[in-house]
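In the working numbering, the protein residues as written are 13 to 461.
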């Protein structure tokens, strides 16, 4: 098999990639269902048994279901590691098997006995995937309460209950699956008391990571990881940090606080102060985190990497699961970062990472995105216009002896401008620079009395 996504390989290259890469074994997935890993999905046939040659850097996202009803699960694979999932017809979900049950199937895959039923990973998409997910860390997934092996859906169980009865067949199926899953789990809990989880237990654990911090916005269920041994699982949706300064937080406060008049105007025109508060209070890693304060490769602090991880995570879940809550969080994060001015100079590494991530994400927008009547009037016009205006004040800043933009950030902004010009035929420094919605409106008063 070869094509744009799967390059032509000689037998020796294919064997090495199979043996060194990760493997996903999927047992019993019905023909006609959709299955995918990362950016590509396929309709499976009767002989489908999983995927091989999966790169072992970073995280991957397993997706299954139908065009209208998708579920996902994040996985991380070590070299030569095999993860095994089984289709549960009762709840229509792929569930990870417990290690003991998965062992014989993993051994069969490692010995190449299952090779004929395993499709190759679309290696041609790996560069795009890496650029979209480089900041999605285990800590970012745990903060969002969707750490592996949690099954991730576009709507949590409680969200589905709020949908009207005529919301569609796919919503009805998800309601039914959630109800069945909860019933099976309740019966299992009555049959045997829960045993304490062993330290370091991996696939088969029923525990889902909790959201860190008190500012998580709505959009997530409480629990719901995949359970091995045939137990059912309720899908969860990601929980996000509340980044809107106007929104009421769980403790009853708002980001704008008690600011009034000029103080409030300054706070909203330059979101740098609010960004700093969020980084310090919401995106800081837990005290026992093994991540160092900064990475030599990119200079990001742990909290900055956490914010970029949520930016990438929210975009990915919208892209692959059509999760509207994730789209809204992505929009809020982009607007926040594009609304900062002082931080452009104070947090160079963060904004270099942000501009790189945004360019990779915009590559998935159609070329007529800023022209089509359905999408032309979108928040990105004002967000990118604000970013261009704030970065465009650089010549004046230099003339006044202020700190200049770091060369690395100036170069990334130039790449973003060139990308937008080539793909969308817009110049963000000319066509969008007057569309910053946060800029004050000048009103001319009449002079005649």
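Positions of the beta carbon are idealized from the N, C-alpha and C atoms, including for glycine.
Bear in mind that the values here come from a model prediction, so they are computed numbers and not experimental data.
Asked, Found
"Contacting residues, own chain, Cβ-Cβ under 8 Å from residue 207 (five flanking each side not counted)", "Caution is warranted here: a pLDDT of 38 is assigned to residue 207, below 50, making its placement in the model unreliable, and no coordinate value can be reported."
"Alpha-carbon to alpha-carbon, residue 254 and residue 264", "13 Å"
"CB-CB length for residue 157 against residue 251, believed under 8 Å", "5 Å"
"The region 429-444 / the region 388-404 touching (three or more Cβ pairs under 8 Å)", "yes"
"Residue 368 vs residue 327 beta-carbon contact at 8 Å", "no"
"Candidates 381, 366 and 278, of which the one nearest residue 421 by Cα", "366"
"Burial state of residue 464, where buried means 16 or more other Cβ atoms lie within 10 Å", "Residue 464 lies beyond the range of the chain shown here (13 to 461); nothing can be said about it."
"Beta-carbon separation (whole angstroms), residue 160 vs residue 278, contact threshold 8 Å", "Contact doesn't hold; Cβ gap of about 43 Å is too wide."
"Helix, strand or coil at residue 382 [DSSP, three-state]", "coil"
"Opposing strand residues paired with residue 99 [DSSP bridges]", "106"
"Proximal residues to residue 82 (C-beta, below 6 Å), its chain only, five neighbours per side dropped", "75 and 333"
"Beta-carbon spacing of residue 17, residue 134 below 8 Å", "yes"
"Continuous beta strand (DSSP E) stretch holding residue 39: start and end", "34-39"
"Assigned secondary structure, residue 81 (DSSP; H/G/I helix, E/B strand, else coil)", "strand"
"Residue 404 in three-state terms, based on DSSP", "helix"
"Bounding residues of the beta strand (DSSP E) (the contiguous stretch that carries residue 55)", "52-55"
"Segment limits, alpha helix (DSSP H) that includes residue 366", "360-374"
"Reduced DSSP secondary structure (H/G/I, E/B, other) of residue 46", "strand"
"Environment of residue 434 [buried if 16+ CB atoms lie within 10 Å]", "exposed"
"8 Å Cβ cutoff met for residue 44 and residue 64", "no"
"Residue 277, DSSP secondary structure in three states", "helix"
"Segment limits, beta strand (DSSP E) that includes residue 349", "Not the beta strand (DSSP E): residue 349 falls in the alpha helix (DSSP H), residues 336-350."
"Expected contact under 8 Å - CB spacing of residue 315 and residue 291 to nearest Å", "4 Å"
"Short Cβ contact (8 Å threshold) for residue 86 with residue 50", "no"
"Among 319, 25 and 131, the one whose alpha carbon lies nearest that of residue 491", "Because the chain is modelled from 13 through 461, residue 491 falls outside the range shown and cannot be assessed."
"Residue closest to residue 108, alpha-carbon to alpha-carbon, out of 94, 120, 121 and 379", "94"
"Beta-carbon spacing of residue 39, residue 97 below 8 Å", "yes"
"C-alpha distance - residue 127 paired with residue 121, whole-angstrom precision", "7 Å"
"For residue 116 and residue 26, the rounded distance between their alpha carbons", "23 Å"
"Separation of residue 360 from residue 419, as counted between CA atoms", "9 Å"
"Proximity below 8 Å, CB of residue 371 to CB of residue 428", "yes"
"Host beta strand (DSSP E) of residue 260 (start-end)", "Taken as a continuous stretch (DSSP letters only), residue 260 belongs to no beta strand (DSSP E), as it is neither H nor E."
"Extent of the continuous alpha helix (DSSP H) to which residue 325 belongs", "314-333"
"Burial state of residue 284 (16 or more Cβ within 10 Å)", "buried"
"Run of the beta strand (DSSP E) containing residue 132, from where it starts to where it stops", "130-132"
"For residue 169, three-class secondary structure by DSSP", "Below a pLDDT of 50, predicted positions are generally treated as unreliable, and residue 169, at 45, falls in that range; the measurement from the model is reported next regardless. In this structure, residue 169 counts as helix in the three-state DSSP scheme."
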